[in-house]
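In the order they appear, the protein sequences are chains S and P. Per my numbering, residue 11 is the first one in the first sequence, and the count goes up by one each step. Per my numbering, residue 11 is the first one in the second sequence, and the count goes up by one each step. Read through the structure below, which is laid out as structure tokens, and then see the notes.
Protein chains: 2
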Amino acid sequence: MDEAPKRRVTLVDIAADAGVSRATASLVIRNVSSVAEGTRKRVLKSIKRLGYVYHSGAANLRTQRSNAVGLIVSDITNPFFAEASVAIEERLAASNYVTLLGNTSEDRAKEDRVLKTMREFPAQGILICPALERDTSGGASALAGQLPMVAFARRARGLDYAGVDDAQGAQLAVEHLYKLGYRRIAFIGGSSNSSVSQERVDGYRKALTRSGLKFDPLLVIPSTPTRRGGYDSVRKLLQIENRPTAALCFNDVVALGVIEALQLSGIRVGSGFGVIGFNNIPDAAYSLPGLTTVDTSPRQLGEAAAELLLKRIEQPDSPTRTVILQPRLIVRESCGAST
Amino acid sequence: MDEAPKRRVTLVDIAADAGVSRATASLVIRNVSSVAEGTRKRVLKSIKRLGYVYHSGAANLRTQRSNAVGLIVSDITNPFFAEASVAIEERLAASNYVTLLGNTSEDRAKEDRVLKTMREFPAQGILICPALERDTSGGASALAGQLPMVAFARRARGLDYAGVDDAQGAQLAVEHLYKLGYRRIAFIGGSSNSSVSQERVDGYRKALTRSGLKFDPLLVIPSTPTRRGGYDSVRKLLQIENRPTAALCFNDVVALGVIEALQLSGIRVGSGFGVIGFNNIPDAAYSLPGLTTVDTSPRQLGEAAAELLLKRIEQPDSPTRTVILQPRLIVRESCGAST
DNA sequence: CGAAAGCGTAGGATCGATCTAAATACCAAG
DNA sequence: CTTGGTATTTAGATCGATCCTACGCTTTCG
Chain S
11 MDEAPKRRVT
21 LVDIAADAGV
31 SRATASLVIR
41 NVSSVAEGTR
51 KRVLKSIKRL
61 GYVYHSGAAN
71 LRTQRSNAVG
81 LIVSDITNPF
91 FAEASVAIEE
101 RLAASNYVTL
111 LGNTSEDRAK
121 EDRVLKTMRE
131 FPAQGILICP
141 ALERDTSGGA
151 SALAGQLPMV
161 AFARRARGLD
171 YAGVDDAQGA
181 QLAVEHLYKL
191 GYRRIAFIGG
201 SSNSSVSQER
211 VDGYRKALTR
221 SGLKFDPLLV
231 IPSTPTRRGG
241 YDSVRKLLQI
251 ENRPTAALCF
261 NDVVALGVIE
271 ALQLSGIRVG
281 SGFGVIGFNN
291 IPDAAYSLPG
301 LTTVDTSPRQ
311 LGEAAAELLL
321 KRIEQPDSPT
331 RTVILQPRLI
341 VRESCGAST
Chain P
11 MDEAPKRRVT
21 LVDIAADAGV
31 SRATASLVIR
41 NVSSVAEGTR
51 KRVLKSIKRL
61 GYVYHSGAAN
71 LRTQRSNAVG
81 LIVSDITNPF
91 FAEASVAIEE
101 RLAASNYVTL
111 LGNTSEDRAK
121 EDRVLKTMRE
131 FPAQGILICP
141 ALERDTSGGA
151 SALAGQLPMV
161 AFARRARGLD
171 YAGVDDAQGA
181 QLAVEHLYKL
191 GYRRIAFIGG
201 SSNSSVSQER
211 VDGYRKALTR
221 SGLKFDPLLV
231 IPSTPTRRGG
241 YDSVRKLLQI
251 ENRPTAALCF
261 NDVVALGVIE
271 ALQLSGIRVG
281 SGFGVIGFNN
291 IPDAAYSLPG
301 LTTVDTSPRQ
311 LGEAAAELLL
321 KRIEQPDSPT
331 RTVILQPRLI
341 VRESCGAST
């Protein structure tokens, strides 16, 4: 028994088996209509008989389209990004692209590594939610002209951008609280090195001023954007003299932490104290009380981002584009206004 | 001005520029030591000068290693899978593999599509958490011998498997409850078409029997594995005559929903009613009361799965392997036993 | 009846790298 | 000034598909 080295079945084999040329076999595979019905049948039969598996890698080399797009996320563990990623993957798959995943865990160095790998792959384009850092001119921006790229959720200089109007969202929230009679409103959970956070705080401040309230820097309590962060912030919140009666939180996860801590302190959320979150994650609907929140629809964001990238791949030299989605307020019970 | 078609810079260009052959240029790129120092320097300079970008796709065609691995997840929105995916991606990246992502949303058809795309890519191996369904002989199993594949978190016939000892975890939980004096223990949130759920129910039943308690099918309350599912199950739970005094939940998300609903009904969790979850997701630590849960470490699971796949890629014909991680109980306050 | 037109198919070049085997360069010893 | 051996370098084939051009055959028509 000589053991067969198990060579790959290629178009050549198919062609030989069906008694046609590679070119013809290729035409059949690609479903080009110019092939005679009889020939097509014969080739298809050979394909099935020999168990041929298409090799897109080879095809891509020739056609110069890798059919792959890179998706670089700062933290796919965050439900918001997870949702957005799913939407992106779906949209790309619909256009026959494969998604290359890279999770950076907010690590700049890892981001650069992933970027390099994907570029060399070569991916035809890249979607990136840049890792947090001071300057926005980092690795991603450096590739700006070289490769179709789109930033989402967080901006990167020189890149197309799909994001949410965070300032507007914060304003909606503050106005809602104001209408319900709350006057001393805190902002919990921002962090100064995130553009998203800055924009939300800006909107918060603007809305306060517009409502005739004074912006008090003491009421802005920074924290990590996690449940724990929100939970811990409440201690500081309660120590503020002339204690706030409502809080706008950086995101839902923080808000849920805040609610828990407040209730543990005997403060009733929804009557007496108002809490609003950001993002409208699934859990927000099932908390007690239901969390009023600013819906930033990760799915739509993902779709918009993917759309931008596909467009840019088609027209690499078009001017930079930006899509800003408008958030809307989802009113539940955490501010006392049950609709 | 004639506009340059902006041809790609290839090894040929580098070779010409540096006055060497393609082969030599290739040696330099791959860091092969047989190249003379002077030559290497010259080539590197040309690479920088012309802005050469490596094209692994082309290399892969020749070397027959695509350097890509497929990761197919049933729902990356689930925190447990998200964590596992991150761990997988990291492990693969460490071994120089790119991760192709596919999210199936528990959809069999999508799973088949993704599987096909990845196989044709061609990925060198696939990690899959199969979508829920009756028979485990579906699309993934069909490719068993053809392509290195590993199933994780959920079994698939004929594939390597990395998972958690769910039965054992359930037993730990039940024993814990028993020791604390709970005698009427429900199981909330299973679904009969998930092998994971079956194993957990099995462990639950076995532990009951072992403790001298009787297994009562009425106490097994199925639901979707979501917060809402847990929340809604409580209504049924409270209607059972001779009401249970404790509940083991299918996972933490369900458990959190259960806790909320219980508290809303005025039942105090942690004193009077015990609740245990599964998975130890980050939120479990921050709930009120802290959720006692069975830790199934998604990170470890992901690493184990990736490891299995790498091994199988090396030795495609080795016998099927299985890794079962042992869970441990994380005791918090939801059963009244504060450590 | 021969040229033009149309359809289906085939052959060879090509994408951008790597591999193989062999050629060339370099250097010290005989 | 060979010879032998080591150190570098190279031409050409190759991976598996697609593109381009041309060619054979049949059909159409002046």
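The beta carbon of each residue, even a glycine, is placed where N, CA and C say it ideally should be. Predicted model only: the values in this text are computed from it and were never measured.
- For H186 of chain P, no Cβ of chain S is located within less than 8 Å of the residue's own Cβ.
- Residue pairing from DSSP leaves G280 of chain S without any beta-bridge partner.
- From the beta-carbon of F131 of chain S, the residues of chain P found nearer than 8 Å are S66, G67 and V108.
- Assignment of beta-bridge partners to T303 of chain S by DSSP yields S:G287 and S:I340.
- Burial check for R72 of chain S: the Cβ neighbour count within 10 Å stays below 16, so the residue is exposed.
- For the pair L169 of chain S and A150 of chain S, the CB atoms are nearer than the 8 Å cut-off.
- In the structure shown, A28 of chain S falls within a helical segment according to DSSP collapsed to helix, strand and coil.
- Counting every other CB atom within 10 Å of its CB across the protein chains shown gives Q134 of chain P a total of 16 or more, marking it as buried.
- Along the region 235–260 of chain P, the positions whose C-beta sits under 8 Å from a C-beta of chain S are T236, R237, R238 and Y241, read in chain order.
- According to the DSSP secondary-structure assignment, Y171 of chain S is paired through a beta bridge with S:A161 and S:T332.
- When P:F288, P:A69 and P:V19 are compared, the shortest CA-CA separation from P308 of chain P is found for P:F288.
- Scanning its chain for C-beta atoms nearer than 8 Å, with the 5 sequence neighbours on each side dropped, one finds around V19 of chain S the residues L60, G61, Y62 and V63, in chain order.
- Apart from the 5 residues on each side of it in sequence, R118 of chain P sits with its Cβ closer than 8 Å to the Cβ of A141, E143, G148 and G149 in its chain, given in chain order.
- In this chain, the alpha helix (DSSP H) harbouring P89 of chain S covers P89 to A104.
- Within the region 200–268 of chain P, complete beta strand (DSSP E) segments of at least 3 residues are found at 230–232 and 256–259, given in chain order.
- None of the residues of the region 21–40 of chain P has a beta carbon lying less than 8 Å from any beta carbon of chain S.
- Here E93 of chain S is buried, its C-beta having at least 16 other C-beta atoms within 10 Å.
- Contact check for L319 of chain P against L110 of chain P fails: the beta carbons are separated by 8 Å or more.
- I195 of chain P carries a strand assignment under DSSP once its states are collapsed to helix, strand and coil.
- When C-beta distances to chain P are compared with 9 Å, the residues of the region 279–297 of chain S below that value are P292, D293, A295, Y296 and S297, in chain order.
- Per DSSP, the unbroken alpha helix (DSSP H) holding I323 of chain S starts and ends at P308 to E324.
- In this structure, D305 of chain P lies away from L266 of chain P, with their beta-carbon atoms at least 8 Å apart.
- As computed with DSSP, A78 of chain P is found in a beta bridge with P:V108.
- At the C-beta level, G173 of chain P and F162 of chain P come within 8 Å of one another.
- L187 of chain S is not bridged by DSSP to any residue.
- Counting only Cβ-Cβ distances below 9 Å, P89 of chain P has contacts in chain S at T87, P89 and A92, in chain order.
- Under the three-state reduction of DSSP output, L274 of chain S falls in the helix class.
- By the 16-neighbour rule on beta-carbons within 10 angstroms, L272 of chain S is buried.
- Just so you know, the alpha carbons of I195 of chain S and Q181 of chain P end up roughly 48 Å apart.
- Only buried fits V211 of chain P, as 16 or more other CB atoms lie within 10 angstroms of its CB.
- For V42 of chain S, the three-state secondary structure derived from DSSP is coil.
- By the criterion of at least three beta-carbon pairs nearer than 8 Å, the region 294–302 of chain S is not in contact with the region 224–233 of chain S.
- The beta carbon of G267 of chain P falls within 8 Å of a beta carbon belonging to chain S, placing the residue at that interface.
- Chain order gives the chain S residues near S76 of chain P as G67, where near means a beta carbon separation below 8 Å.
- Taking a 10 Å sphere around the C-beta of G29 of chain S, we find fewer than 16 other C-beta atoms and assign the residue as exposed.
- Between I82 of chain P and T34 of chain P, the alpha-carbon positions lie close to 39 Å from each other.
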